Each structure stands twice: as C-alpha cells, then as structure tokens.
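Note sheet for the following structure.
Number of protein chains: 6
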Amino acid sequence: MENKLTHFDQNGNAVMVDVTGKEITLREAVAAGSIRVSDEIMRMILEGSSAKGDVLSVARIAGIMASKKTGELIPLCHPLMLTKSTIDFTVEEDKNLIHVSCTVRLEGKTGVEMEALTGASVALLTIYDMCKAVDKNMVIEQIHLVRKTGGKSGTYEESTHER
Amino acid sequence: MENKLTHFDQNGNAVMVDVTGKEITLREAVAAGSIRVSDEIMRMILEGSSAKGDVLSVARIAGIMASKKTGELIPLCHPLMLTKSTIDFTVEEDKNLIHVSCTVRLEGKTGVEMEALTGASVALLTIYDMCKAVDKNMVIEQIHLVRKTGGKSGTYEESTHER
Amino acid sequence: MENKLTHFDQNGNAVMVDVTGKEITLREAVAAGSIRVSDEIMRMILEGSSAKGDVLSVARIAGIMASKKTGELIPLCHPLMLTKSTIDFTVEEDKNLIHVSCTVRLEGKTGVEMEALTGASVALLTIYDMCKAVDKNMVIEQIHLVRKTGGKSGTYEESTHER
Amino acid sequence: MENKLTHFDQNGNAVMVDVTGKEITLREAVAAGSIRVSDEIMRMILEGSSAKGDVLSVARIAGIMASKKTGELIPLCHPLMLTKSTIDFTVEEDKNLIHVSCTVRLEGKTGVEMEALTGASVALLTIYDMCKAVDKNMVIEQIHLVRKTGGKSGTYEESTHER
Amino acid sequence: MENKLTHFDQNGNAVMVDVTGKEITLREAVAAGSIRVSDEIMRMILEGSSAKGDVLSVARIAGIMASKKTGELIPLCHPLMLTKSTIDFTVEEDKNLIHVSCTVRLEGKTGVEMEALTGASVALLTIYDMCKAVDKNMVIEQIHLVRKTGGKSGTYEESTHER
Amino acid sequence: MENKLTHFDQNGNAVMVDVTGKEITLREAVAAGSIRVSDEIMRMILEGSSAKGDVLSVARIAGIMASKKTGELIPLCHPLMLTKSTIDFTVEEDKNLIHVSCTVRLEGKTGVEMEALTGASVALLTIYDMCKAVDKNMVIEQIHLVRKTGGKSGTYEESTHER
Chain A
0 MENKLTHFDQ
10 NGNAVMVDVT
20 GKEITLREAV
30 AAGSIRVSDE
40 IMRMILEGSS
50 AKGDVLSVAR
60 IAGIMASKKT
70 GELIPLCHPL
80 MLTKSTIDFT
90 VEEDKNLIHV
100 SCTVRLEGKT
110 GVEMEALTGA
120 SVALLTIYDM
130 CKAVDKNMVI
140 EQIHLVRKTG
150 GKSGTYEEST
160 HER
Chain B
0 MENKLTHFDQ
10 NGNAVMVDVT
20 GKEITLREAV
30 AAGSIRVSDE
40 IMRMILEGSS
50 AKGDVLSVAR
60 IAGIMASKKT
70 GELIPLCHPL
80 MLTKSTIDFT
90 VEEDKNLIHV
100 SCTVRLEGKT
110 GVEMEALTGA
120 SVALLTIYDM
130 CKAVDKNMVI
140 EQIHLVRKTG
150 GKSGTYEEST
160 HER
Chain C
0 MENKLTHFDQ
10 NGNAVMVDVT
20 GKEITLREAV
30 AAGSIRVSDE
40 IMRMILEGSS
50 AKGDVLSVAR
60 IAGIMASKKT
70 GELIPLCHPL
80 MLTKSTIDFT
90 VEEDKNLIHV
100 SCTVRLEGKT
110 GVEMEALTGA
120 SVALLTIYDM
130 CKAVDKNMVI
140 EQIHLVRKTG
150 GKSGTYEEST
160 HER
Chain D
0 MENKLTHFDQ
10 NGNAVMVDVT
20 GKEITLREAV
30 AAGSIRVSDE
40 IMRMILEGSS
50 AKGDVLSVAR
60 IAGIMASKKT
70 GELIPLCHPL
80 MLTKSTIDFT
90 VEEDKNLIHV
100 SCTVRLEGKT
110 GVEMEALTGA
120 SVALLTIYDM
130 CKAVDKNMVI
140 EQIHLVRKTG
150 GKSGTYEEST
160 HER
Chain E
0 MENKLTHFDQ
10 NGNAVMVDVT
20 GKEITLREAV
30 AAGSIRVSDE
40 IMRMILEGSS
50 AKGDVLSVAR
60 IAGIMASKKT
70 GELIPLCHPL
80 MLTKSTIDFT
90 VEEDKNLIHV
100 SCTVRLEGKT
110 GVEMEALTGA
120 SVALLTIYDM
130 CKAVDKNMVI
140 EQIHLVRKTG
150 GKSGTYEEST
160 HER
Chain F
0 MENKLTHFDQ
10 NGNAVMVDVT
20 GKEITLREAV
30 AAGSIRVSDE
40 IMRMILEGSS
50 AKGDVLSVAR
60 IAGIMASKKT
70 GELIPLCHPL
80 MLTKSTIDFT
90 VEEDKNLIHV
100 SCTVRLEGKT
110 GVEMEALTGA
120 SVALLTIYDM
130 CKAVDKNMVI
140 EQIHLVRKTG
150 GKSGTYEEST
160 HER
C-alpha cells in the first residue's frame with residue numbers, strides 16, 4: 000500500500016511535512032461539535048447567557064485562545080499565524096445540546112483545519128469544566144470538520160459526505 | 000436559583016475557585032472518547048501500530064503532553080502537578096472506531112477530571128491530524144468522564160449514570 | 000553595601016533563590032492598578048458590563064490566566080501552583096478610571112506578590128487591547144501591592160506606607 | 000450607539016477580528032512606563048547597572064521575551080512574528096523613577112501596540128520582583144503608547160494628546 | 000574592538016536584532032549531535048526501534064516540537080513559522096553512539112540555525128530521560144551546525160571548517 | 000530481557016510513570032556541559048563579562064527559565080515546582096571552552112536530573128545564538144549529569160563512573 004499518511008516519511012518516521020514550496024492562498028476552516036448536558040445545566044447556561052455568570056463567554060475566550068496554541072498541542076502541526084478566529088454557540092434546548100462552531104482563517108501555505116477543531120474542542124472542554132460541579136455526566140459529541148477552503152486539495156464540505 | 004456553578008462568585012463573575020483549605024487526597028480520573036474513521040484509515044492505523052509509521056504512538060505522546068498543559072488551556076482550572084498520565088487505545092475494527100482513554104493521578108486539593116478529558120481530546124485531535132490527508136470525514140465522539148476518585152465529592156462512576 | 004538584592008549571588012550573578020528549606024505557610028497577596036480612559040470608552044464599558052459585549056469579563060479571564068503564567072514571564076520567579084486567583088473591577092466613572100484588583104492564594108514556600116501583580120497588569124492590558132480601536136490615549140496607572148500575608152517577612156499592608 | 004469596540008461582533012460576542020484582507024505594511028510601536036522606587040533601591044540599581052548584579056539587564060531580557068508572548072497573554076490579540084524588539088531604560092534619580100520604553104516592529108497586517116505595551120509592563124514587573132526583598136512599596140506608573148506607525152489608522156503620537 | 004556581537008546595541012544592551020528590512024529567502028539549517036550510552040542501553044534502544052517501546056520515536060516527536068518552541072527558549076531569537084522540521088537518527092552500535100540530525104526550513108528574513116540546534120538538543124535530552132532509569136552515565140556530545148543555506152551570509156558548511 | 004525502560008508499560012507503550020506513591024524527599028541535581036568557541040569569540044565573551052554586552056548573563060537567564068519549562072519540553076517528564084535553579088559559568092581560556100553547570104533542587108517525589116540537564120543545554124544554546132554572527136563553528140560538548148541526591152535510587156556521582 001502506498002504511503003498516504005503524509006506525516007510519516009518513507010521509513011515510517013514522523014515528520015513535520017515540508018510545505019515550504021506550497022503556494023500562499025486564502026485558507027478557511029470551520030469545525031463544529033456539541034456537548035450534551037442535563038436539564039439543570041441547560042437551564043443554568045441559558046440563564047447565564049442572558050445575564051451575568053455566562054459560561055459560554057468564558058468558553059468562547061478559551062476556544063479562541065486554544066486555536067492560537069494548536070501548533071504547540073498537535074505534534075506535527077505547523078505553527079501558523081491566524082488572522083481570524085471566532086467561536087459561535089447555538090443551543091438546542093429540547094435536546095439538551097449546546098453546539099459550538101469555530102471559524103479560523105489566514106493566508107498561508109497550509110490549511111487551518113486543526114486550528115478550527117482545536118478551538119471547538121477546548122471551548123467544549125471549558126463548558127464541561129464550568130458545569131462539572133453540578134453534574135459530571137456530560138458528553139462531548141460529534142467534533143468534526145464542517146468546511147475548509149483554499150489550498151491544492153480545494154474545498155471540503157461536510158454536506159458532501161455521509162456521516 | 001441557588002448558585003451551583005462554582006466558577007462564578009455571587010456577582011456572576013468568573014473566578015478560579017479557592018481550594019486552599021481543601022484536604023490533600025489521592026485523586027484519579029479516567030476519561031474516554033472515540034474517533035470514527037474510514038475503512039482505509041482504519042487499515043492504515045492497524046498496519047502502523049504493528050510496525051513503523053505508528054499514528055497511535057504519536058497521539059499517545061500528544062495526549063500525555065496535553066494533560067500536563069490543562070491549566071493553560073482551560074481558563075479557570077487550577078495548575079496541577081500530575082504524578083501519572085497514561086493514554087491507552089483500543090480499536091473496534093468492525094465499527095471503524097478507535098477508542099482512547101486517559102488516566103491521570105496526583106495527591107492534591109482538587110480533582111483531575113479536566114486533565115483526563117484534555118489528554119483524551121488532544122490524543123483524538125492528533126489522530127485526526129495525522130490521517131486527514133487521506134480523508135477529512137472523521138468524527139470525534141463521546142468524550143466523557145469514565146470515573147473519578149478522591150476528594151470531598153467522592154467517587155463518580157460512569158456506569159451509575161444513563162447516557 | 001550588603002547584598003540585599005536576593006536575586007543575585009555574592010558574585011552578582013542572577014539566581015532563582017533557594018527556598019527549598021522554607022516553611023510551607025498560607026500565602027495571600029492582593030495587587031491593584033488602574034486604567035484611565037476617555038469618556039467614550041467609559042460609556043461603552045459601562046454599557047457592556049450590564050449587557051453583552053463585556054470588556055471586563057474578557058479582561059478578568061485574561062488576568063486569571065496570566066497569574067497562572069507568572070513563573071514563565073518573570074525570569075527568577077519560582078513556579079507556583081495557585082489555589083485561588085480572582086480579579087475584581089470597580090469603576091470610578093467621574094474620574095474615568097477603571098480599577099482592578101487581583102487576589103491570589105496558596106500554601107507554599109514563597110510569596111505570591113508577583114502573581115497578583117501580573118494578574119492585575121494583564122487584566123489592564125486586555126482592557127487597553129479591547130478599547131484601543133476607539134482611542135489609543137489610555138494610561139495604565141498605579142500598579143502596586145495592596146497586601147500580602149504569610150511567610151517569614153510577615154504581613155505587608157499598603158496603608159502602612161506613604162505613596 | 001454604534002459598535003466601535005471591534006473585538007465584539009454585532010451580537011456582543013468576543014472575536015479575534017478578521018484581518019486577513021488587510022494590507023501588509025511596516026508597523027512599529029513604542030510604549031513606555033515607569034516604576035517609582037525607594038532611595039535605597041535606586042542606589043542599588045544604579046550600582047548594579049555599572050557593574051555586576053544588574054537588575055535592568057534581567058528586566059530587559061524579560062521584556063523582550065514577553066513581547067514575543069503577547070498573543071498568548073492577551074486573549075483576542077493576533078499571534079505575530081516580531082522582527083524587532085528592544086527595551087531601553089532611563090533613570091531619573093532625583094525623582095526615584097526608572098523609565099522603560101519598548102519598541103517593536105514587523106511587516107504585517109495588524110499593529111504591534113499590545114506587543115510594545117506588554118514588553119514594557121513585564122520589564123517593570125521584573126524590576127519589582129528583583130527589588131521586592133528590599134522594599135515592597137514600589138509603584139508601576141504611566142504605562143502608555145508613545146507612538147505607532149503603519150496600517151490604515153496611520154500614525155499615532157502621544158504628543159498630540161493631552162495626558 | 001568593533002561590535003560584532005549583533006545581539007547587543009552600541010551601549011552593550013541586549014536586543015532582538017531588527018530584521019524587518021531583510022529579504023525573504025529560502026532558509027534551511029541542519030544541526031547534529033550525539034549521545035554516548037552504555038552497552039545495555041544501546042541494546043534496549045535497538046530492540047525498541049524494531050518493535051514496540053521505541054525510545055527514538057518519542058525523542059523524534061520531542062525534537063520536532065522543541066524546534067517550534069525555539070523562540071520561547073532562546074531569549075533573543077525571532078519567533079519563526081517553520082515550514083519543515085524533521086529529526087533523523089543513526090546508530091553507531093560499536094561506538095555506543097546515537098547520532099541525531101535535525102533539519103528545518105522556511106522562507107523568511109532570518110536563519111533557522113537555532114531551531115535546528117534546539118531540535119537536536121531536545122531529542123538527545125529525551126533519549127537521556129527515557130534511558131536514565133537504566134544508567135545515568137550518558138553523555139550528550141558534539142551538538143553543532145552541519146549546514147545552513149539562504150540569507151545574506153550565504154551557505155555555511157561544516158566540512159569547510161576544522162573541528 | 001526484562002523491561003528496565005520505565006517510560007514504557009508492559010505493552011511497550013510510552014507512559015508518564017506513576018510516582019504518586021513515592022516518598023517526598025529533598026532532591027538535587029547538578030548537570031554540566033561546555034561550548035568550544037573560536038579565539039575571537041572567547042575574547043569577546045571575556046570582555047563582555049567584565050563590562051557591558053555580557054553574553055553569559057543572558058545565557059544564565061535563559062538556562063534558569065528553561066529549567067522551569069522542562070516538563071513542557073521532555074514528553075514524559077513530570078511537571079515539577081523547582082525551589083532553586085542556578086547557572087554557573089567557568090571559562091578555560093586556553094582551551095577555548097566555556098563550561099556551564101546548572102543546579103536545581105526541590106522537595107518532591109521524583110528527581111530533577113532532566114531539569115538540570117535542560118537548564119545547562121539551553122544556556123549553551125543561548126551562547127551559540129549570541130555569538131553565531133561572529134563564527135558558526137562552535138560545538139556544544141559533554142552535557143552530562145554531575146551529581147544527583149535524594150530519592151530511592153540514592154546518590155549518583157559522576158566521579159564514580161568512567162567516562
């Protein structure tokens with residue numbers, strides 16, 4: 000089988016892939032994920048987001064800051080200078096789900112999928128942290144790439160894949 | 000409603016909770032999660048784990064290192080000196096699932112749930128990173144706390160909760 | 000002159016002072032500082048703090064996170080595991096001043112003055128960052144130690160000193 | 000009131016502003032600040048700077064290193080690759096004041112005001128740390144932007160503002 | 000004597016050199032070094048590298064990650080966005096030597112020698128860490144620059160120098 | 000062969016070893032290493048160390064700061080709260096050698112050998128960085144453990160081993 004795992008060289012050794020010669024293009028990635036919480040936590044979060052004690056505001060900051068740290072966390076990721084990072088939440092109250100999406104962007108030689116996925120993951124972990132005194136039975140679910148544009152491999156859209 | 004979100008004070012301001020006076024006890028936490036991959040990626044990972052080019056070895060290191068960085072990533076987490084951190088993988092080949100669990104331990108004043116959850120999350124993100132050149136349609140699933148022991152709130156076992 | 004600058008050895012070389020043999024006691028420090036802003040920024044901050052777009056909430060998180068990073072920023076500081084870190088703001092609207100105070104605590108062998116001062120400083124810098132698109136003519140003022148307790152040198156109270 | 004706090008979106012949520020489309024220009028910023036010290040500390044610092052045991056040399060290194068870490072400390076700052084960072088001190092012996100200025104520079108899409116302010120702040124905090132065994136009654140004062148050039152908003156000069 | 004230590008200004012103060020105006024060129028650096036180990040450790044490493052328990056795989060990841068952190072470790076280094084980083088090992092079994100080389104690359108305004116040297120150093124330190132339970136009498140040797148290309152000072156080749 | 004590489008479990012997977020149950024004892028480690036430089040660099044360093052432009056002062060700060068970061072750099076090292084870290088230099092002018100030693104100390108459950116070795120290594124790398132504009136043909140040599148005390152394995156003294 001041909002080596003398609005680009006993070007290994009022909010001898011099977013891990014490498015930070017050489018992207019020096021790649022073209023600089025506009026890159027954007029959107030990642031999403033969810034956390035399933037109890038009724039009580041859902042009520043507390045909804046109250047907070049319209050007033051003080053806002054869990055989601057803290058999680059938003061954590062997610063943005065984590066997206067900037069991706070190159071430190073993921074061993075073979077290239078360090079990147081993001082020029083945009085945003086975190087958005089939507090709440091599906093009846094399903095006890097809080098959804099997060101993270102959008103990152105830059106002009107560079109390599110994609111920003113991992114930055115978006117890391118931002119979404121840490122935002123969800125922060126929600127867990129802030130609510131765990133109430134109930135530890137939360138579950139983080141369905142962290143995935145929604146869309147990425149730019150680069151040689153072109154556009155990826157979640158909707159063109161079954162999940 | 001009484002304030003049960005301990006990361007906020009009575010005015011709704013975020014705080015790093017005062018644990019100075021808490022008792023030092025042995026604390027352990029186990030967190031788990033999974034990543035759903037394509038047939039092709041599953042085959043590559045299984046080949047690698049028995050030879051060179053081992054995706055899971057890199058992800059294991061990333062998860063252990065991330066568990067040590069939890070206090071930097073999660074805004075209101077106390078910095079902690081872990082005395083154990085391990086990452087284990089099991090593969091459910093027929094379901095295209097790779098499962099990770101992260102176990103952390105210390106003697107301290109506060110629990111290590113977030114360290115275990117962060118270690119598991121970053122291990123899964125690293126698998127995503129190393130396989131994304133083959134297929135970006137992976138999904139990280141079911142990150143949750145399996146068990147924690149120690150501290151005033153006692154033992155938590157996932158099995159005593161419905162999910 | 001006797002060497003009272005404890006961060007240098009007898010040859011004038013910088014050292015991280017040996018505190019290994021010091022007693023573990025409860026240590027607390029409170030530091031404070033202010034930022035002087037324009038009328039327009041003051042109005043925006045006051046609006047935000049009662050609704051969405053809250054500058055002070057972001058600055059609070061930044062200050063808490065920075066207090067945890069003090070040992071990385073100040074070259075000869077001992078790394079410390081804070082067990083409490085809080086940031087509080089008060090606004091003197093007529094003087095166009097926002098005051099911050101940072102309180103940190105732990106049981107340890109060395110004091111936490113630098114952690115409190117660093118937390119206050121970064122909270123103020125974050126206010127500057129978030130308001131600088133409106134007006135760059137802000138001034139950060141009067142960062143100082145308010146109080147510290149614990150350790151061999153005992154209690155320090157700002158009020159017992161002229162400033 | 001129109002939203003002029005660019006770090007919030009139209010819903011009041013914090014964002015790392017999108018600067019992807021901005022022009023790359025030469026950017027420079029100079030920030031300054033001071034620390035007020037006792038006679039005894041002033042004498043020690045002056046002795047050290049002409050010999051061994053030099054407080055200001057350590058503070059200079061700390062300030063330069065901190066300017067590189069700005070994107071980690073200030074939540075919504077873009078990570079930036081500085082191409083110059085310097086710290087300079089001047090001493091006003093009769094006023095017991097040590098003045099610091101930090102100059103940073105790069106060619107980029109966004110300004111470097113925060114990097115200069117952070118470098119100056121951490122240099123001052125380091126002076127505090129190194130002298131606090133002698134006297135804790137020091138005060139950090141007047142941290143402000145002196146000048147910035149480059150970018151769409153053009154040049155800012157402190158002298159054109161009253162303070 | 001003329002000032003050729005470019006990291007100091009004309010007053011002898013340390014600076015992060017201004018490279019803003021330098022040309023962007025392709026830069027590459029290769030650094031190497033060795034660790035001398037006991038017979039027993041050599042045997043264990045050789046066994047591991049052909050199976051599980053692979054010391055060199057962990058050291059490779061550590062070296063790559065450290066090369067990305069160079070700007071945080073070396074005070075006056077410019078932060079750089081590496082576009083390639085690889086670590087390679089060769090074993091001289093009869094001399095009980097493990098050799099590491101680290102190759103880094105980017106298009107930028109300043110060279111990447113320190114990144115290559117830091118990557119090699121941390122890879123060697125990681126081998127020490129993983130084998131020190133067996134024998135602490137290892138020695139890290141001969142860390143040096145093998146080659147660098149790009150930039151105004153042109154190509155440097157170790158072979159053109161005596162050592 | 001019995002598994003003596005404690006950083007791997009029985010399946011050959013890397014782990015951060017469990018030291019939770021180990022006794023807290025006073026631990027100290029001293030590591031040393033050298034850098035071989037040209038006549039010209041030796042002369043510049045000697046001039047600087049008695050005046051301004053002091054290469055060794057910057058390297059000392061870098062080494063102390065790096066010893067605090069060891070747990071971030073070496074993947075399976077436990078994070079540790081050092082209570083002492085010092086860097087000392089001696090110069091063998093006739094051999095063109097600068098020798099560094101790093102001494103670290105704490106009361107803890109695990110040794111500080113890696114912290115001492117990392118501090119020495121980064122001090123040497125910093126000397127390289129600051130002199131490389133004069134001559135890149137420097138070599139870092141003989142980084143090794145001089146002594147460690149404390150813990151179950153007792154005292155290690157370099158002098159009891161051949162090298």
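First to last, the sequence lines map onto chains A, B, C, D, E and F.
At position 17 of the first sequence the residue is numbered 16 (numbering that gives the first Met the number 0), and the sequence of numbers has no breaks.
At position 51 of the second sequence the residue is numbered 50 (numbering that gives the first Met the number 0), and the sequence of numbers has no breaks.
At position 153 of the third sequence the residue is numbered 152 (numbering that gives the first Met the number 0), and the sequence of numbers has no breaks.
At position 144 of the fourth sequence the residue is numbered 143 (numbering that gives the first Met the number 0), and the sequence of numbers has no breaks.
At position 74 of the fifth sequence the residue is numbered 73 (numbering that gives the first Met the number 0), and the sequence of numbers has no breaks.
At position 76 of the sixth sequence the residue is numbered 75 (numbering that gives the first Met the number 0), and the sequence of numbers has no breaks.
Built from N, CA and C at the ideal position, the CB exists for glycine as well.
Just so you know, these numbers come straight off a predicted model, no measurement behind them.
Residues bridged to residue i (per DSSP)
| i | result |
| --- | --- |
| leucine 105/E | Arg26/E |
| serine 33/D | His98/D and Glu140/D |
| glutamate 39/D | DSSP, once it has assigned bridges, lists no residue as partnering glutamate 39/D. |
| arginine 146/F | Val29/F and Glu156/F |
| alanine 13/A | Phe7/A |
Own chain residues within Cβ distance below 7 Å of residue i, not counting five before or after
| i | result |
| --- | --- |
| alanine 119/E | Ala30, Ala31, Gly32, Gly62, Val99, Ser100, Cys101 and Ile142 |
| methionine 41/B | Glu92 and Asn95 |
| isoleucine 126/C | Ile34, Val54, Ala58 and Ile97 |
| valine 229/C | Nothing about residue 229/C can be reported from this structure: the residues present for chain C run from 0 to 162 only. |
Within-7 Å CB hit, residue i to chain A
| i | result |
| --- | --- |
| aspartate 17/B | no |
| cysteine 73/E | The residue you asked about is not cysteine; residue 73/E is isoleucine in the sequence shown. No, because no Cβ of chain A sits closer than 7 Å to the Cβ of isoleucine 73/E. |
CB contact check: residue i to chain B, cutoff 7 Å
| i | result |
| --- | --- |
| lysine 67/C | yes |
| serine 84/E | no |
| glycine 110/F | no |
| glutamine 141/A | yes |
Listed by chain order, chain E residues near residue i by CB distance under 7 Å
| i | result |
| --- | --- |
| methionine 80/A | Met80 |
| threonine 117/F | Leu124 |
Chain E within 7 Å of residue i, Cβ atoms only
| i | result |
| --- | --- |
| valine 138/F | yes |
| leucine 105/F | no |
Chain-ordered chain E contacts of residue i [CB-CB under 8 Å]
| i | result |
| --- | --- |
| isoleucine 44/B | What isoleucine 44/B touches in chain E: nothing, since even the nearest Cβ is about 15 Å away. |
| leucine 25/D | Thr19 |
Any non-hydrogen atom of the ligand MG closer than 6 Å to residue i Cβ
| i | result |
| --- | --- |
| methionine 129/B | As presented, the structure is devoid of all ligands, the ligand MG included, so that no description of it is given. |
Beta-carbon contacts of residue i that lie in its chain and below 6 Å, excluding the five residues immediately before and after
| i | result |
| --- | --- |
| glutamate 112/F | Ala28, Leu144 and Lys147 |
| valine 121/F | Ala61, Gly62 and Ala65 |
| proline 78/F | Gly70 |
| valine 36/D | Asn95 and Met137 |
| valine 90/D | Ile97 |
Where residue i meets chain F, residues with beta-carbon distance less than 7 Å
| i | result |
| --- | --- |
| valine 57/D | Ile60 |
Listed by chain order, chain C residues near residue i by CB distance under 7 Å
| i | result |
| --- | --- |
| alanine 28/B | Ordered by position in chain C, no residue passes the 7 Å Cβ test against alanine 28/B, which lies about 17 Å from the chain. |
Where residue i meets chain B, residues with beta-carbon distance less than 9 Å
| i | result |
| --- | --- |
| isoleucine 167/C | In this structure chain C extends from 0 to 162, so residue 167/C is not present and cannot be described. |
Sequence-distant residues of its chain with Cβ nearer than 8 Å to residue i (five each side left out)
| i | result |
| --- | --- |
| threonine 82/D | Arg104, Leu105 and Glu106 |
| aspartate 167/D | The requested residue 167/D is not part of the displayed model; chain D covers only 0 to 162. |
| leucine 75/A | His6, Ala13, Val14, Met15 and Val16 |
| arginine 26/D | Arg104, Leu105, Glu106, Gly107, Thr109, Gly110, Val111, Lys147, Thr148, Gly149 and Gly150 |
Within chain F, the residues that residue i reaches when beta carbons sit closer than 8 Å
| i | result |
| --- | --- |
| methionine 41/B | Those within 8 Å of methionine 41/B in chain F number zero; the least Cβ separation is about 19 Å. |
Listed by chain order, chain B residues near residue i by CB distance under 8 Å
| i | result |
| --- | --- |
| histidine 6/F | Correct list: empty, because the minimum Cβ distance to chain B is about 10 Å. |
Minimum Cβ-Cβ distance from residue i to chain D less than 7 Å
| i | result |
| --- | --- |
| valine 133/C | yes |
| serine 100/C | no |
Within chain D, partners of residue i - CB distance below 9 Å
| i | result |
| --- | --- |
| isoleucine 63/A | Ala13, Val14, Met15, Pro74 and Leu75 |
Contacts of residue i in chain C (Cβ-Cβ under 8 Å)
| i | result |
| --- | --- |
| glycine 70/B | Lys67 |
Any C-beta of chain F under 7 Å from that of residue i
| i | result |
| --- | --- |
| aspartate 93/E | no |
| leucine 144/E | yes |
Minimum Cβ-Cβ distance from residue i to chain C less than 7 Å
| i | result |
| --- | --- |
| histidine 160/B | Confidence is the limiting factor: at histidine 160/B the pLDDT is only 48, short of 50, which leaves the residue's position unreliable and the question unanswerable from this model. |
Discussion item. What ranges does the alpha helix (DSSP H) occupy inside the stretch 82–140 of chain A, keeping only unbroken runs of at least 4 residues that lie completely in it?
Written reply: 112–130
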